[in-house]
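Take a look at the structure below.
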Amino acid sequence: MSATLPRKLTLCLLLSSPAFAVAQTADSPAPADAGLPSVLVSASKAGRTVMETPASVSVIKGDAIEQAHLETLGDVAQQLPNVYLTNFTRSTPSLTIRGLGFSDDESDSTSTSVLLDGVPMYSLVLGQLFDLQQLEVLRGPQSTLYGQSSMGGVVALRSRDPGQVLGGSAQVDYGSGKRRRASLAMDVPLGEKTAVRIVAGGEKADGFIDNTRLQRSDTGGWDSAFARIKLLHRDDMGGTWRFGLHHANLRGGNDYFADASLAREHRSTASDAGVNNVKYTLLSGEYERALAHGTRLAVTMGANRTEWNYWLPRSTFQARSGYDMKNEQVSLEARLSGAAGAYDWLAGAYGSHITRDSPYLFDSSPYYLSATTAGVKGGTVAAFGELGWRVSHTWRVAGALRLEHDTRKLDWSSRQAGLFDSNGDGMPDAPFDATTVRNGNKVSDTVALPRLTVEYRPDAAQFGWLTVARGYKASGFNLYATAPDAASTAYRPEYGTHGEIGYRLRGAQRAWDLAATVFYTRLRDQQVTVTDTNGQSRIDNAGRSHSQGLELTGTVRPLPTLELTAFAGIVHAEYDDYVKGGVDFAGKQFANTPRHSVGMGLHWQPTPQWDAGLDATRQGASNLYPASSTVNPAYTLVNAHLSYRVQRWTFGLYGKNLGDAQYYTRALANNIVVASQPRTWGVRAGLDF
Numbered sequence: 001m002s003a004t005l006p007r008k009l010t011l012c013l014l015l016s017s018p019a020f021a022v023a024q025t026a027d028s029p030a031p032a033d034a035g036l037p038s039v040l041v042s043a044s045k046a047g048r049t050v051m052e053t054p055a056s057v058s059v060i061k062g063d064a065i066e067q068a069h070l071e072t073l074g075d076v077a078q079q080l081p082n083v084y085l086t087n088f089t090r091s092t093p094s095l096t097i098r099g100l101g102f103s104d105d106e107s108d109s110t111s112t113s114v115l116l117d118g119v120p121m122y123s124l125v126l127g128q129l130f131d132l133q134q135l136e137v138l139r140g141p142q143s144t145l146y147g148q149s150s151m152g153g154v155v156a157l158r159s160r161d162p163g164q165v166l167g168g169s170a171q172v173d174y175g176s177g178k179r180r181r182a183s184l185a186m187d188v189p190l191g192e193k194t195a196v197r198i199v200a201g202g203e204k205a206d207g208f209i210d211n212t213r214l215q216r217s218d219t220g221g222w223d224s225a226f227a228r229i230k231l232l233h234r235d236d237m238g239g240t241w242r243f244g245l246h247h248a249n250l251r252g253g254n255d256y257f258a259d260a261s262l263a264r265e266h267r268s269t270a271s272d273a274g275v276n277n278v279k280y281t282l283l284s285g286e287y288e289r290a291l292a293h294g295t296r297l298a299v300t301m302g303a304n305r306t307e308w309n310y311w312l313p314r315s316t317f318q319a320r321s322g323y324d325m326k327n328e329q330v331s332l333e334a335r336l337s338g339a340a341g342a343y344d345w346l347a348g349a350y351g352s353h354i355t356r357d358s359p360y361l362f363d364s365s366p367y368y369l370s371a372t373t374a375g376v377k378g379g380t381v382a383a384f385g386e387l388g389w390r391v392s393h394t395w396r397v398a399g400a401l402r403l404e405h406d407t408r409k410l411d412w413s414s415r416q417a418g419l420f421d422s423n424g425d426g427m428p429d430a431p432f433d434a435t436t437v438r439n440g441n442k443v444s445d446t447v448a449l450p451r452l453t454v455e456y457r458p459d460a461a462q463f464g465w466l467t468v469a470r471g472y473k474a475s476g477f478n479l480y481a482t483a484p485d486a487a488s489t490a491y492r493p494e495y496g497t498h499g500e501i502g503y504r505l506r507g508a509q510r511a512w513d514l515a516a517t518v519f520y521t522r523l524r525d526q527q528v529t530v531t532d533t534n535g536q537s538r539i540d541n542a543g544r545s546h547s548q549g550l551e552l553t554g555t556v557r558p559l560p561t562l563e564l565t566a567f568a569g570i571v572h573a574e575y576d577d578y579v580k581g582g583v584d585f586a587g588k589q590f591a592n593t594p595r596h597s598v599g600m601g602l603h604w605q606p607t608p609q610w611d612a613g614l615d616a617t618r619q620g621a622s623n624l625y626p627a628s629s630t631v632n633p634a635y636t637l638v639n640a641h642l643s644y645r646v647q648r649w650t651f652g653l654y655g656k657n658l659g660d661a662q663y664y665t666r667a668l669a670n671n672i673v674v675a676s677q678p679r680t681w682g683v684r685a686g687l688d689f
């Protein structure tokens with residue numbers, strides 16, 4: 001590791017002492033819940049608590065998400081160590097975990113798996129959060145359990161189960177930018193063992209940027225609707241069935257792109273609103289049952305369809321530019337687990353099929369037109385298992401292996417038309433128009449993904465682990481390429497050799513919790529999205545690179561009604577051997593990857609009626625993808641909330657980015673940026689019935 005890392009480690013360890021109240025949301029319920037059992041991590045597939053999970057993990061309960069007004073995955077990313085976001089809009093965040101994932105929105109594969117009720121989703125349309133039981137973030141490669149899309153980690157969202165008592169809740173919000181939100185949730189018992197939960201709502205806002213050219217104050221506004229119906233049934237054989245139908249539809253424009261001077265003032269001069277609409281529909285199903293001899297069966301199935309209509313204002317590139325992307329996926333996983341004596345085991349199988357339609361149009365006719373279509377069909381089959389051996393009362397060793405086969409097939413066409421300079425006078429004068437087709441391009445990978453874990457647990461208040469694992473991202477095609485060779489030539493798979501050491505401590509009666517993780521991931525053939533000399537985006541394999549650092553989290557509860565939390569993260573994610581376009585990137589930090597992130601929070605519940613929270617997070621400076629020369633300065637976010645409950649009514653007040661920090665969430669190749677959300681506030685009223 002670099003020479004500066006030990007000094008930063010010392011500083012962070014000082015911060016993590018009980019006097020400074022380390023930690024954050026990982027396994028940290030509200031003060032009133034201090035006596036409840038620890039939270040289970042569903043993404044571990046082993047039914048373990050946070051304390052017993054051999055990975056750097058954060059869990060945020062659904063109530064905490066609502067209290068802190070974490071409305072999108074981007075809001076969540078700002079609250080966690082070594083998790084960052086880049087986004088064009090609030091509804092389409094691309095998460096970066098430990099430096100991995102900064103170009104996922106332009107790639108055929110992703111670095112972070114995002115699951116809703118156990119079903120993998122196209123993560124870029126899953127930004128808006130509603131009615132969740134809990135949200136989990138596992139940092140570091142999880143490829144042995146989840147396969148090719150989890151080199152950076154896993155984000156798992158669990159929706160609320162139906163209750164067996166007839167009732168529900170309603171909420172209304174009003175905030176700055178004329179934000180209006182209303183939602184209704186209701187539990188309806190259908191019998192002693194069956195219930196359904198129905199959720200519906202909508203949100204509308206004017207946004208936070210003024211378009212001075214069009215004299216509009218609703219630039220970047222949105223209008224969304226969301227709904228869910230979930231059925232829970234417990235059968236006579238002890239099995240539990242869950243079926244869910246989930247839907248969200250967000251409509252908006254994207255005329256918020258501007259140069260840095262305008263963006264800092266939250267102004268835009270776009271010539272039209274553009275289009276930025278996303279929606280998804282997901283059908284999920286789960287079945288769990290205890291079998292004979294302590295064996296458990298778990299089956300998860302799902303099908304989803306997502307759409308993303310993305311069209312830039314014509315003034316951004318002086319052309320009509322954008323796409324209407326469609327994505328469909330079906331998946332099925334079944335696994336068995338059990339234990340016998342000193343041994344425990346898990347075995348499972350997984351299969352999925354994906355279809356993606358990814359066209360792209362750039363039309364500045366009559367001078368230039370580029371219209372590409374890219375249809376991808378892919379499949380994954382995998383078998384995985386783990387065998388654990390409890391060597392003694394305090395030690396456990398587990399070996400795991402996943403065998404996976406991934407395929408991709410691309411049908412691609414491109415029309416290139418316009419004018420070129422035929423006589424060298426500098427004026428385009430001769431027309432050209434050509435269409436190229438490349439169908440039936442195929443690529444496949446067959447990989448073995450092992451993992452070895454050593455666990456140490458001397459008592460219920462301590463847990464340590466050492467993990468060595470292999471991470472993987474599948475090969476694929478350049479969906480937005482405009483040249484036939486670039487489109488039909490597959491980029492190589494990405495591999496990572498990962499090592500992680502972690503330790504957790506817990507005080508008596510959970511008066512405090514501490515956790516520390518040190519990690520190192522060596523990457524080979526890292527998949528990086530680049531812009532070539534013709535202006536087309538394509539995936540390049542970046543030789544060798546690495547990601548190393550640490551995460552510290554913890555909680556101190558000096559009073560039953562008071563909880564103090566903090567976190568610290570350091571990541572050095574750098575290229576080691578990568579030269580592109582005559583530029584040597586060795587030693588350069590990955591885009592959208594601050595070298596440090598720190599945060600502290602306070603949650604106070606003096607009486608059952610009052611609830612208050614205050615948190616501050618600091619993100620270090622970073623370079624923005626894809627214009628890596630554009631620097632996003634370091635910034636501090638301060639958020640607060642206060643609520644009061646009387647009988648069945650709850651009234652709340654909240655503020656976000658109270659210091660009005662200025663930063664950017666994305667940059668374009670021509671150094672045009674997207675401004676962050678400024679200081680916002682809101683009021684909320686809720687009724688339980």
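Here the sequence shown stands for residues 1 to 689, where the numbers follow the numbering used here. Where a beta carbon is used, it is the ideal one built from N, C-alpha and C, also for glycine.
- Residues of the same chain with a CB within less than 7 Å of the CB of Ala227, apart from the 5 flanking positions on each side, are Val199, Ala200 and His247 in chain order.
- Of the residues Tyr280, Thr72, Pro558 and Phe208, the one whose Cα lies closest to the Cα of Gly177 is Phe208.
- Across the structure, Leu658 and Ser149 are spaced so that their CA atoms are roughly 36 Å apart.
- A distance below 6 Å between beta-carbons, with the five flanking residues on each side excluded, links Thr380 to the following residues of its chain, in chain order: Ser352 and Asp406.
- Looking only at Gly601, His603, Tyr664 and Pro608, the smallest Cα-Cα distance to Ser622 is reached by Tyr664.
- Phe590 sits in coil when the DSSP states are folded into three classes, being neither helix nor strand.
- A straight-line Cα-Cα distance of about 39 Å links Ser643 and Phe519.
- In this structure, the beta-carbon distance from Leu505 to Gln462 falls below 8 Å.
- Fewer than three beta-carbon pairs drawn from the stretch 259 to 268 and the stretch 302 to 310 are found closer than 8 Å, and the two stretches are therefore not classed as touching.
- The closest CA to that of Val646, considering only Tyr654, Ser629, Pro608 and Met325, is found on Pro608.
- Distance from the CA atom of Glu574 to the CA atom of Arg522, rounded to whole angstroms, is 10 Å.
- Distances from the alpha-carbon of Trp395 to those of Thr372, Asn423, Ala430 and Tyr456 put Tyr456 closest.
- Secondary structure at Met600: strand, using DSSP grouped into helix, strand and coil.
- Judged by pairs of C-beta atoms under 8 Å, the stretch 402 to 420 touches the stretch 432 to 443, as three or more such pairs exist.
- Counting the other Cβ atoms within 10 Å of the Cβ of Glu136 gives 16 or more, which makes it buried.
- The C-alpha of Arg408 lies about 5 Å from the C-alpha of Val443.
- Cβ neighbours of Asp421 within its own chain (closer than 8 Å, five residues either side excluded): Met427, Pro428, Asp429 and Ala430.
- Under the criterion of beta carbons closer than 8 Å, Arg666 and Thr86 qualify as touching, at roughly 5 Å.
- Spanning the alpha carbons of Gly202 and Leu126 requires a straight line of approximately 15 Å.
- Arg648 counts as exposed, since fewer than 16 other C-beta atoms from the protein chains shown sit within 10 angstroms of its C-beta.
- Out of Gly599, Gln619 and Val530, the CA that lies nearest to the CA of Val583 is found in Val530.
- Residue pairing by DSSP places Val278 opposite Leu250 and Trp308 in a beta bridge.
- Residue nearest to Tyr491 within the set Gly502, Thr49 and Ser109 is Ser109 (criterion: CA-CA distance).
- The continuous stretches of alpha helix (DSSP H) do not include Leu369, which lies in the beta strand (DSSP E) extending over residues Tyr368 to Trp389.
- Here Ser44 carries a helix assignment [DSSP, helix/strand/coil].
- Annotation for Asp576: the continuous beta strand (DSSP E) segment containing it runs Leu562 to Asp577.
- Secondary-structure assignment with DSSP links Ala469 through a beta bridge to Arg451 and His498.
- Following the DSSP letters along the chain, one finds Ala77 inside the alpha helix (DSSP H) bounded by residues Leu73 to Ala77.
- Counting along the chain, Ile65 sits inside the alpha helix (DSSP H) bounded by residues Gly62 to Gln67.
- Comparing alpha carbon positions, the residue from Lys61, Gly253 and Gly464 closest to Arg158 is Lys61.
- Shown here, Arg160 sits in coil according to DSSP, grouped into three states, outside any helix or strand.
- By the Cβ neighbour-count rule, Glu192 is exposed, with fewer than 16 other Cβ atoms within 10 Å of its own.
- The beta-bridge partner set that DSSP reports for Ile672 is empty.
- If you check the CB distance, Ser315 and Ala273 do not come in under 8 Å.
- Here Gln79 is buried. Its C-beta has 16 or more other C-beta atoms within 10 Å.
- DSSP, reduced to helix, strand and coil, places Asp485 within a helical segment of the structure shown.
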